[in-house]
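These notes are about the structure you will find just below.
2 protein chains.
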Amino acid sequence: MKLPCPITGPKPYHHGDLRRALLEAASRVLEREGPNALSLRAVAREAGVSPAAPYHHFKDKSELMLAISEEGFDQLYKFMLQSSDPDAPPMERVAAIGVAYVEFAKAHPSIYRVMYDCSRDLESLPDKAHKAEDGAFSLLKKAMIDLGVVSSDQEVDLELACIAAWCAAHGLAEMVGFRQFDSLKAKMGGEKAFLAGVLSHLGMFGQARNRG
Amino acid sequence: MKLPCPITGPKPYHHGDLRRALLEAASRVLEREGPNALSLRAVAREAGVSPAAPYHHFKDKSELMLAISEEGFDQLYKFMLQSSDPDAPPMERVAAIGVAYVEFAKAHPSIYRVMYDCSRDLESLPDKAHKAEDGAFSLLKKAMIDLGVVSSDQEVDLELACIAAWCAAHGLAEMVGFRQFDSLKAKMGGEKAFLAGVLSHLGMFGQARNRG
DNA sequence: TCTCAATCTAAACGTTGTCAAGATGAACTT
DNA sequence: AAGTTCATCTTGACAACGTTTAGATTGAGA
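Those sequence lines, one after another, are chains D and Y.
Take the position in the first sequence, starting the count at 1, then add 1367; the result is the number in the working numbering.
Take the position in the second sequence, starting the count at 1, then add 1367; the result is the number in the working numbering.
Next up, the structure:
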């Protein structure tokens, strides 16, 4: 009856892999209609199932959102990874990671929105983002270690430096979205120059100005 | 019938000043039940009026939210103002403003949430926050001018420095809410030390560590 | 082939944002 | 002083939402 999606591998049950399908549907809704249109029912509709179907794969809406958020942080990690040459000098690498973070947020504002809306509700970032070895925060930490900016209290100071960098990147990622700064961007000849300009004022990203 | 609130001054119409009452009701709902419970109907209920009553004072829900957001940015401005001694050295003043920003967000997380949820929807900060002479951004800018950190291109570089500071403060304000950093805070002997530690890594707030 | 349990649907409930129609009553006119 | 006006508020309704319950479907193992 229902042809198994030829790629999805072992089709577990009726649909094939509704969990996966729902996440992809959510991604489509997000790109097409924005974060405010991302309802459970809209996702189910997009996936072609009933409004109650998602409840067999997610406890409630917030759990669906968390899954989307985790996927987002994973995409962010991969983008940061491919944007930072591991053989480049540490400072350049840190700057590249920061720029990649902001560019990701600008390129996928809806996903970025969900990533943090979800985190704010749970009052914690997903493990995928912070704890995981193959996550965005760990990638930043490795680059920071190579940079060697830590002072007396090694462990604590390294963590603080990474948090500071994350704060700066997140803050900037949210600000670039605001129209208040459009005229300044224009005056500087583009958003890229604007980003570099702000980053150069932000401690650990001093070198960002020398990129591109 | 309805006794006019003796303080509110000239009672305009039936209720007295429903617009004001709604904003105060919203504030109460926000403190009591958090940002996710802040519905138009809940606010109307709290103010003791029908669900449709607010529509005579606000075009729709988003306009109510904007008004709440503007009030929040105004409170933030006032708190920053009273937290920064105008006679203190500029660097100390900038640091005090940054610390005040983060402390405000931590003390009123629900209001802070609404302030930015609203801004993200409109893709712009309220004029109260950025444009207004008696606003938070202007206060920061004045302190920055006194600091004299601007380089060659005066105007642009000053603006960039202020934006960078705002980004850093906002980023940190959102991060302190995450439980990921609780253990680090404990290890450092409290949140205040944590905040100072992160701020000291963030460019223009280098002096923050020397406070308190 | 029969059974079973995972999966999905159908239908319903309470809640939300919003609107149209009508009731109310303060202020202005005469 | 009485009547008119119009902003203000209420009533009642609508569609959409998140969620739950009960029942239908169907792949997989006996």
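A virtual CB, placed ideally from N, CA and C, is assigned to each residue, including glycine.
Counting along the chain, the unbroken alpha helix (DSSP H) around residue 1444 of chain D starts and ends at 1428 to 1450. In the three-state reduction of the DSSP assignment, residue 1511 of chain Y falls in the helix class.
Short of 6 Å from the beta carbon of residue 1408 of chain D, and not among the five residues preceding or following it, lie these beta carbons of its own chain, in chain order: 1418. The shortest CA-to-CA distance from residue 1399 of chain Y to any of Y:1510, Y:1512, Y:1478 is the one to Y:1478. Counting only Cβ-Cβ distances below 7 Å, residue 1521 of chain D has no contacts in chain Y at all, with the closest Cβ about 13 Å away. Rounded to whole angstroms, residue 1539 of chain Y and residue 1540 of chain D show a C-alpha spacing of 13 Å.
Contacts with chain D at 7 Å (Cβ-Cβ) include residue 1570 of chain Y. Taking 7 Å as the CB threshold, residue 1435 of chain Y stays off the interface with chain D. Shown here, residue 1545 of chain Y sits in coil according to DSSP, grouped into three states, outside any helix or strand. Among the CB atoms of chain Y, none fall inside 7 Å of the CB of residue 1416 of chain D. Interface annotation for the segment 1545 to 1561 of chain D against chain Y: 1545, 1546, 1547, 1548, 1551, 1554, 1555, criterion Cβ-Cβ distance under 7 Å. Ranking Y:1464, Y:1458, Y:1452 by CA distance to the CA of residue 1443 of chain Y puts Y:1464 first.
Going by DSSP, residue 1472 of chain D is part of the alpha helix (DSSP H) stretching over 1457 to 1474. Distance between residue 1489 of chain Y and residue 1488 of chain D, taken at the CA atoms: about 21 Å.
Inter-residue distance for residue 1559 of chain Y and residue 1496 of chain D is about 25 Å (C-alpha atoms, whole angstroms).
Membership of residue 1494 of chain D in the alpha helix (DSSP H) is indicated by the continuous run 1494 to 1497. Contact between the segment 1422 to 1434 of chain D and the segment 1496 to 1513 of chain Y is not established, with fewer than three Cβ pairs separated by less than 8 Å.
Taking 7 Å as the CB threshold, residue 1491 of chain Y lines the interface with chain D. Within the segment 1427 to 1451 of chain Y, no residue has a Cβ lying closer than 9 Å to any Cβ of chain D. By the rule that beta-carbons nearer than 7 Å mark a contact, residue 1542 of chain D touches chain Y.
Interface flag for residue 1563 of chain Y against chain D is unset, since no Cβ pair is found closer than 7 Å. When CB distances to chain D are screened at a threshold of 9 Å, the residues of the segment 1380 to 1414 of chain Y falling below it are 1402, 1403, in chain order. Put simply, the CB of residue 1503 of chain Y is far from chain D, with every gap to its CB atoms at 7 Å or more. By alpha-carbon distance to residue 1475 of chain D, the top candidate from D:1440, D:1461, D:1382, D:1533 is D:1440.
With respect to chain Y, the C-beta atom of residue 1467 of chain D has no partner C-beta closer than 7 Å. Listed in chain order, the non-local C-beta contacts of residue 1543 of chain D below 8 Å within the same chain comprise 1469, 1472, 1473, 1558, 1561, 1562, local neighbours out to five positions each way being set aside. Per DSSP, residue 1396 of chain D is one residue of the alpha helix (DSSP H) stretching across 1385 to 1400.
Close to residue 1527 of chain D, with beta-carbon spacing below 7 Å, are these residues of chain Y in chain order: 1564, 1565, 1568. Within chain Y, 1538, 1541 have C-beta atoms less than 7 Å from the C-beta of residue 1537 of chain D, given in sequence order. Taking a Cβ-Cβ threshold of 9 Å, none of the residues of chain Y is close to residue 1475 of chain D; the smallest such distance is about 14 Å.
Counted as a single uninterrupted DSSP element, the alpha helix (DSSP H) harbouring residue 1567 of chain Y occupies residues 1558 to 1568. Scanning Y:1515, Y:1523, Y:1485, Y:1450 for the CA closest to the CA of residue 1430 of chain Y turns up Y:1485.
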